[in-house]
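Written below as structure tokens is the structure these notes are about.
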Amino acid sequence: MMISAAKLLGAALLVFASAFPYAVAHAADLVVIVSARSSIEALRSDQVAAIFLGQSARFPDGALATALDQPIGSNERNQFYLRVTGKTPALLKAHWSKLVFTGRGQPPRELRDSAAVRHAVAEDTGLIGYIDREALDPSVRQVLLVR
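My numbering applies: residue 4 is where the sequence shown begins, and numbers increase by one.
Take a look at the structure:
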């Protein structure tokens, strides 16, 4: 029995899509946010990456910074880490496994979605998160557009 080239290509694409959902998922416009009451006006991508990877616990002005994550496996989370840190979900898991094992850090707390992250960040000037751009409202300030 011969398998057609189209069926073979379709099967290969299905395998790729299931193995790399972050690469083929819809790329939403993401923004990094802080509370509207925060003194932080803007952050560079490397500053955001350092906070979310546990390499820095402070904003550039010296204030404490606590990162909030979206759920594991969510498109927002996968796209954020890929674009800001260059890490795939597997590399991110390895990064945090090493830090946790050596006692040098804990991954950011996860919230259920962009609305939950926005609400928490709005209430606390020490929090930083990332959300879908469509979830922005006046309670938070965009400090980085994730590209």
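The beta carbon of each residue, even a glycine, is placed where N, CA and C say it ideally should be.
Counting the other Cβ atoms within 10 Å of the Cβ of residue 106 gives fewer than 16, which makes it exposed. For a cut-off of 8 angstroms, the C-beta gap from residue 124 to residue 38 is around 6 angstroms, short enough to register as a contact. The three-state reading of DSSP puts residue 121 in helix, counting H, G and I together. The straight-line gap separating the alpha-carbon atoms of residue 95 and residue 35 is approximately 18 angstroms. In the DSSP annotation of this structure, the continuous segment of the alpha helix (DSSP H) that includes residue 94 starts and ends at 92-104.
Contact annotation: residue 87 and residue 51 have beta-carbon atoms nearer than 8 angstroms. In the DSSP secondary-structure assignment, residue 133 is bridged to 35.
Residue 80: not part of any beta strand (DSSP E); member of the alpha helix (DSSP H) spanning 78-87, first to last residue.
In this structure, residue 71 sits away from residue 149, with a CB-CB distance that is not shorter than 8 angstroms. The shortest CA-to-CA distance from residue 121 to any of 129, 138, 112 is the one to 138. Contact check for residue 69 and residue 129: beta-carbon distance about 5 angstroms, within the 8 angstroms limit, so the pair qualifies.
Per DSSP, the beta-bridge partners of residue 69 are 130. Using a Cβ distance threshold of 8 angstroms, residue 81 and residue 31 do not count as a contacting pair.
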